[in-house]
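A.B. asks: First, the structure itself, so that you have it in front of you.
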Amino acid sequence: KFAGIFCLDPANVQEAHDMILTAYPLSEEFEIPVLFRPTTRICHSKSNVVLNEIGKDGVGTEHRTGDFGKDPRQYVVVPAHTRILHKKLIEKQDAMAEHLVKLGLNRAEIREGSKTAVIAGGIAAEYVREILPDDMSFAVIGAYPIDTEWLASFVGRHEKVLVVEELAPVIEEEVWQVAGKTGVFGKKNGCVPYDGELTLEKVSAAFEKAGIKSRRSFAPVAPVADLPPRPPILCAGCGHRAVFYAMKKVFGKDAVFPSDIGCYTLGIQLGTVDTTICMGASITIGSGISHVDNKQIVSTIGDSTFLHTGIPGLINAVYNGANQTVVILDNRITAMTGHQPNPNTGITAKGEISPTISLEAICRACGATFVETVDPYDLLLLLQTFTKAKDTKGVKVIIARQPCVIAAKKSGLKRRRLTVNPDVCIGCKACVRFGCPAIEFFDKTASITELCSGCGICAEICPKSAISQEVI
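Take the sequence shown: its letters are residues 196 to 667, numbered as in this note's numbering.
This is the structure:
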């Protein structure tokens with residue numbers, strides 16, 4: 196809204212697909228960026244999607260080349276130009292809003308004689324459709340900016356309007372501006388919650404608060420008591436787990452562990468993640484804390500995140516004389532979001548061979564003089580390296596390199612799984628506290644399930660050598 200650009204908010208998976216196809220011509224026609232804003236539930240949904248026919252109307256067959264036309268007044272955003280560009284942006288808003296109505300992204304279903312209407316945006320529109328009476332008017336706001344004349348015409352037909360949307364009342368505030376004598380219900384008067392994710396039950400409750408009779412009723416689902424907690428955890432055999440174990444062993448629980456966005460955020464379950472804010476913040480937060488707190492600071496960041504936004508933070512830490520250990524968890528891939536390659540992988544997203552970036556060279560170029568690379572599966576060396584870093588002043592970088600266990604399995608790597616000798620196991624739970632999901636504990640004895648990937652760390656941890664590789 197403040198940027199004055201398009202924002203597309205899909206109500207379902209099909210719309211998410213279709214809106215992307217719409218976004219490109221929108222951007223080109225109005226010479227403006229388009230923000231595509233799917234909510235969490237849309238991103239986590241699966242659905243059949245109707246695709247455009249390949250080749251029809253040029254879809255999927257057009258190969259476009261660019262021809263950059265020089266226009267300093269458009270692309271060189273110095274103050275003299277930005278004042279003009281801002282004026283042009285403001286002048287575009289009405290045409291942008293009208294165009295979204297023509298495209299059907301903002302649309303209304305008017306029921307003659309209906310005194311009440313519901314307006315919804317994004318996935319909330321799907322929830323509303325589930326319970327909306329057939330004789331009630333309904334408007335879907337799938338994109339911003341909103342045509343105020345169109346909105347005023349729709350709202351003015353009704354005595355009461357309920358606005359349902361996720362989080363901030365963006366649509367609702369637009370409705371209030373054109374409401375006139377129409378009663379508006381939504382977040383501002385407590386009908387729709389401000390916080391949390393909307394659900395069908397919450398929308399049904401909003402209908403009731405607004406005095407609207409739902410087509411279907413949904414009673415709150417009673418919570419099931421006494422279910423054991425099932426927090427997300429690192430995969431069996433993940434090298435990150437060994438790193439976290441060694442970190443805690445060497446630096447102790449009183450150290451500060453700033454972390455980042457990735458699989459390794461799950462280190463919170465092992466007590467080795469104290470902060471996670473945004474990509475690259477592990478190093479910068481750790482650097483800042485080191486200047487005001489004498490505790491040991493150990494920042495963890497993935498190889499992808501380090502290449503994306505970690506490098507400036509490392510330069511800043513060295514430049515300003517921080518005293519911290521930076522651990523780059525190098526699993527050679529962007530694992531959390533689906534195993535996409537990165538500049539450290541050696542291939543592009545198209546599968547083409549590309550140069551592999553040297554993390555060691557980058558860290559030294561940033562000014563770090565302590566740069567060590569270690570295999571997390573070598574627990575003894577890992578502990579020794581952390582101890583060395585603990586005893587060294589300044590910025591220390593440890594690159595813990597071990598390919599993602601899932602990617603390794605997909606590539607055909609096989610290791611013999613581990614097994615516990617029940618006659619030797621004393622039930623001390625040292626292996627259980629390691630946190631590997633392949634390790635179970637029954638009848639005072641540990642056991643290892645088929646989830647085991649054969650990393651062997653549990654065997655190194657066991658004080659009685661009760662764990663060994665399975666004999667084939």
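A virtual CB, placed ideally from N, CA and C, is assigned to each residue, including glycine.
Would you call the CB atoms of residue 380 and residue 357 closer than 8 Å?
C.D. replies: As a working note, residue 380 is residue 185 in the sequence shown. As a working note, residue 357 is residue 162 in the sequence shown. Closer than 8 Å, so yes.
A.B. asks: When you compare each of 440, 338, 453 to residue 573 by their alpha carbons, which one comes out closest?
C.D. replies: Start at 1 with the first residue of the sequence shown, and residue 573 comes out as number 378. Ranking the options by Cα distance to residue 573, first place goes to 440.
A.B. asks: Going by Cα to Cα distance, which pick from 347, 359, 337, 301 is closest to residue 323?
C.D. replies: Position 128 of the sequence shown, counting from 1, holds the residue named residue 323. The shortest C-alpha separation from residue 323 is found at 359.
A.B. asks: Given this structure, state the Cα-to-Cα distance separating residue 609 from residue 481, to the nearest angstrom.
C.D. replies: For the purposes of this step, residue 609 is taken as residue 414 along the sequence shown, with counting starting at 1. For the purposes of this step, residue 481 is taken as residue 286 along the sequence shown, with counting starting at 1. Approximately 38 Å between the Cα atoms of the pair.
A.B. asks: When you compare the CB positions of residue 337 and residue 204, do they come within less than 8 Å of one another, or not?
C.D. replies: Reading the sequence shown from its first residue, position 142 is the one you call residue 337. Reading the sequence shown from its first residue, position 9 is the one you call residue 204. For residue 337 and residue 204, yes; Cβs fall inside 8 Å.
A.B. asks: What does the Cβ neighbour count give for residue 453, buried or exposed, with the cut at 16 atoms within 10 Å?
C.D. replies: As a working note, residue 453 is residue 258 in the sequence shown. Flag for residue 453 reads buried.
A.B. asks: For residue 603 and residue 498, what's the separation of their Cα atoms in angstroms?
C.D. replies: To locate residue 603, count along the sequence shown from 1; it is residue 408. To locate residue 498, count along the sequence shown from 1; it is residue 303. Cα to Cα, the separation comes out at about 17 Å.
A.B. asks: Let's test the definition: count the other Cβ atoms within 10 Å of the Cβ of residue 207 and tell me whether it reaches 16, buried, or not, exposed.
C.D. replies: By one-based count along the sequence shown, residue 207 stands at place 12. Buried, because 16 or more other Cβ atoms sit within 10 Å of the Cβ of residue 207.
A.B. asks: Take residue 638 as the anchor and find which of 630, 621, 648, 629 has the nearest alpha-carbon.
C.D. replies: By 1-based counting over the sequence shown, the position of residue 638 is 443. Of the candidates 630, 621, 648, 629, the one whose C-alpha sits nearest the C-alpha of residue 638 is 621.
A.B. asks: Under 8 Å by Cβ, that's how I've got residue 320 and residue 335 pegged, so tell me the actual separation to the nearest angstrom.
C.D. replies: Residue 320 sits at position 125 when you count from the first residue of the sequence shown. Residue 335 sits at position 140 when you count from the first residue of the sequence shown. Rounded, the Cβ-Cβ distance is 5 Å, consistent with contact.
A.B. asks: Terminal residues of the continuous alpha helix (DSSP H) containing residue 277?
C.D. replies: Locating residue 277 in the sequence shown gives position 82, counting from the first residue. Residues 274-297.
A.B. asks: Which stretch, first to last residue, makes up the beta strand (DSSP E) that contains residue 316?
C.D. replies: As a working mapping, residue 316 is identified with position 121 in the sequence shown. Note, residue 316: beta strand (DSSP E), 311-316.
A.B. asks: Between 196, 479, 443, which has its C-alpha nearest residue 463's C-alpha?
C.D. replies: By 1-based counting over the sequence shown, the position of residue 463 is 268. Considering only alpha carbons, the answer is 443.
A.B. asks: Comparing alpha-carbon positions, which option in 530, 340, 299, 402 lies nearest residue 598?
C.D. replies: Working through the sequence shown from its first residue, we reach residue 598 at position 403. Cα-wise, what sits closest to residue 598 is 530.
A.B. asks: What does a CB cutoff of less than 6 Å around residue 486 pick up in its chain, not counting 5 residues either side in sequence?
C.D. replies: Looking up residue 486 in the sequence shown gives position 291. Within the same chain, residue 486 has no close Cβ partners at all.
A.B. asks: By how many angstroms is the C-alpha of residue 387 removed from the C-alpha of residue 398?
C.D. replies: As a position in the sequence shown, residue 398 is number 203, starting the count at 1. As a position in the sequence shown, residue 387 is number 192, starting the count at 1. Cα-Cα distance, rounded: 7 Å.
A.B. asks: Taking residue 202 as part of the beta strand (DSSP E), name the residues at either end of that continuous run.
C.D. replies: Here residue 202 is taken as the residue at index 7 of the sequence shown, counted from 1. Here the beta strand (DSSP E) through residue 202 covers 201-203.
A.B. asks: Assuming residue 496 contacts residue 477 (C-beta within less than 8 Å), just tell me the rounded distance between them.
C.D. replies: Residue mapping note: residue 496 aligns to position 301 of the sequence shown, counting from 1. Residue mapping note: residue 477 aligns to position 282 of the sequence shown, counting from 1. The Cβ separation is near 5 Å, so the contact holds.
A.B. asks: On the DSSP bridge list, what partners appear for residue 549?
C.D. replies: Taking the first residue of the sequence shown as position 1, residue 549 is located at position 354. Answer is none; residue 549 lacks a bridge partner.
A.B. asks: Which residue wins for smallest C-alpha separation from residue 668, given the options 258, 275, 595, 547?
C.D. replies: Since the first residue of the chain shown is 196 and the last is 667, residue 668 is not available in this structure.
A.B. asks: Smallest Cα separation from residue 333: which of 648, 345, 305?
C.D. replies: Position 138 of the sequence shown, counting from 1, holds the residue named residue 333. Selected option, being the one with the closest Cα: 305.
A.B. asks: Checking contacts by CB at 8 Å: is residue 600 closer than that to chain B?
C.D. replies: Note that chain B does not occur in the displayed structure, where there is just one protein chain.
A.B. asks: What does the Cβ neighbour count give for residue 543, buried or exposed, with the cut at 16 atoms within 10 Å?
C.D. replies: In the sequence shown, residue 543 corresponds to position 348, counting from 1. Looking at its Cβ environment, which holds fewer than 16 other Cβ atoms inside 10 Å, residue 543 is exposed.
A.B. asks: Give every residue of the same chain whose Cβ lies closer than 7 Å to the Cβ of residue 512, excluding the five residues on either side of it in the sequence, and list them in chain order.
C.D. replies: For this step, residue 512 is matched to residue 317 along the sequence shown. For residue 512, where only same-chain residues beyond five positions count, the Cβ hits under 7 Å are 478, 482, 519, 590.
A.B. asks: Just the C-alpha distance for residue 365 and residue 341, rounded to the nearest angstrom, thanks.
C.D. replies: As a working mapping, residue 365 is identified with position 170 in the sequence shown. As a working mapping, residue 341 is identified with position 146 in the sequence shown. Distance between the alpha carbons of residue 365 and residue 341: 10 Å.
A.B. asks: State the beta-bridge partners of residue 333 as determined by DSSP.
C.D. replies: One-based indexing of the sequence shown puts residue 333 at position 138. Its beta-bridge partners are 304, 313.
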